[in-house]
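Student: Next up is a structure, given as structure tokens.
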Amino acid sequence: MSGKDDKIAERRGFLRTLGIGAAAAAAAAPAAAQRADQVPAGQARKENEADRLKARYRVTEDVAAFYRTNRYEY
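Sequential numbering from 1 applies to the sequence shown in the working numbering.
Here you go:
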């Protein structure tokens with residue numbers, strides 16, 4: 001083979017490796033994700049009555065700046 005053919009073969013091998021790696025990553029991603037309804041009951045965090053009723057949303061300084069910047073009224 002000539003030098004040009006060797007470079008083409010190397011490039012093809014590199015691109016093939018990239019393609020196989022991307023396919024493997026795409027196949028592994030759903031297996032790595034864990035849905036909330038799949039958490040075993042013993043490991044789930046229980047929310048008591050006080051946690052359910054507490055106020056969770058607060059207008060902090062950064063939230064107010066976001067509203068001001070985007071011209072939202074609150």
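Idealized CB from N, CA, C, for every residue including glycine.
Bear in mind that the values here come from a model prediction, so they are computed numbers and not experimental data.
(1) Over the uninterrupted alpha helix (DSSP H) stretch that includes Glu61, give me the two end residues.
(2) How far does the alpha helix (DSSP H) with Arg52 in it extend, from its first residue to its last?
(3) According to DSSP, is Ala23 helix, strand or coil?
Tutor: So, to answer that:
(1) Taking the sequence shown and counting its residues from 1, the one referred to as residue 61 is at position 61. For Glu61, the enclosing alpha helix (DSSP H) begins and ends at 61–69.
(2) By 1-based counting over the sequence shown, the position of residue 52 is 52. Taken as a continuous stretch (DSSP letters only), the alpha helix (DSSP H) holding Arg52 covers 49–53.
(3) Working through the sequence shown from its first residue, we reach residue 23 at position 23. Reduced to three states, the DSSP call for Ala23 is helix.
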